[in-house]
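Report on the structure given below.
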Amino acid sequence: MKSILILMTCLMILPFTASSQIVENVDEITPFYEELAAIRKGNKWAFINTTGKVVIDYRGDLVLSEIEKEKTYPIFNNERCLITKKVDGISYYGYIDKSGEIVIKPKYLNATNFENGYAIVLKVSKEELGKNDLLGKNMVSYSYDEVVINTSGNDITFLIGPTHLVYKKERLRKPPVIQSYFLSSNLVASKSKNDTHWKIFALDSSK
């Protein structure tokens, strides 16, 4: 009788013991940001919530941000996380929401994390210059502008540009550097490469 009671007790405890481990074989765990923490297996990252449940599965397109000294990992700010997609050897940046859905398509040459509802991005423009009859090709010119967007991906404030762009993967192995930065929740400081003075822009929150 005593052995039966012990066996029954073990069977009752076993399911609880087995279910207490919800994530395994993780190589790295980061602090929580907006109630989500990034976890890494190999070179892929996922996100767990505060109960330890994986809410965004492992994927290889999350952008690593330098949050601490010599530590980089993906984070959510304003319910947005940076992603990247490579097309013809060129990296483009966009954003996902907390469900893992793409809410701003990867179309920028560089982008920052959101702060106070805004992010700074490099937006590509293409201009048709006409046809070169000798080569039998349409001639085009590429450039990019530095722009502030909101969490819906709408343009809020133009900052710098246009900057001429050689649109080849050999010249875009690294994304162009963003020259502007947020001074406060509604102010941005900008200075182009050719400028000697800074400009300060106020963000229009009504857009």
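Using the numbering used here, the first residue of the sequence shown is number 48, and each one after it goes up by one. Each residue gets a CB set at the ideal place from its N, CA and C atoms; glycine is no exception.
Could you spell out the range, first to last residue, of the beta strand (DSSP E) harbouring residue i?
i	result
residue 200	No beta strand (DSSP E) holds residue 200; DSSP gives it neither H nor E.
residue 106	101-106
residue 161	Here residue 161 belongs to no beta strand (DSSP E), and DSSP marks it neither H nor E.
residue 111	Taken as a continuous stretch (DSSP letters only), residue 111 belongs to no beta strand (DSSP E), as it is neither H nor E.
residue 248	246-249
residue 119	118-120
residue 134	128-134
residue 139	137-143
Since residue i sits in a beta bridge, which residues does DSSP pair it with?
i	result
residue 75	87
residue 235	229, 248
residue 192	170
residue 123	Per DSSP, none; premise fails for residue 123.
residue 206	Answer is none; residue 206 lacks a bridge partner.
residue 96	Its beta-bridge partners do not exist; DSSP assigns none.
residue 187	175
Near residue i, which residues of its chain fall below 6 Å by C-beta distance, leaving aside the five closest residues on each side in sequence?
i	result
residue 201	none
residue 246	237
residue 101	93, 95
residue 51	Because residue 51 carries a pLDDT of 42, less than 50, the predicted location of this residue cannot be relied on, and the following value inherits that uncertainty. No residues qualify anywhere along the chain.
residue 212	189, 190, 191
residue 80	122, 123
Restricting to Cα atoms, I'd like to know which of the options is closest to residue i.
i	options	result
residue 84	97, 104, 74, 136	97
residue 221	136, 241, 91	136
residue 122	193, 209, 78	78
residue 199	138, 110, 142	142
residue 149	103, 224, 210	103
residue 160	170, 214, 114, 134	114
residue 172	70, 214, 147	214
residue 218	152, 86, 156	156
Within the 9 Å Cβ cut-off, does residue i reach chain C?
i	result
residue 169	Note that chain C does not occur in the displayed structure, where there is just one protein chain.
Output needed for residue i: all residues of its chain with C-beta closer than 7 Å, excluding positions within five of it in sequence on either side, in chain order.
i	result
residue 88	72, 73, 74, 105
residue 208	190, 191, 192, 193
residue 108	130, 131, 132
Within the same chain, show all residues whose beta-carbon is closer than 8 Å to that of residue i, passing over the 5 residues directly before and after it, in chain order.
i	result
residue 233	163, 249, 250, 252
residue 230	236, 247
Give a yes or no on contact between the segment 117-130 and the segment 157-167, applying the rule of three or more CB pairs nearer than 8 Å.
yes
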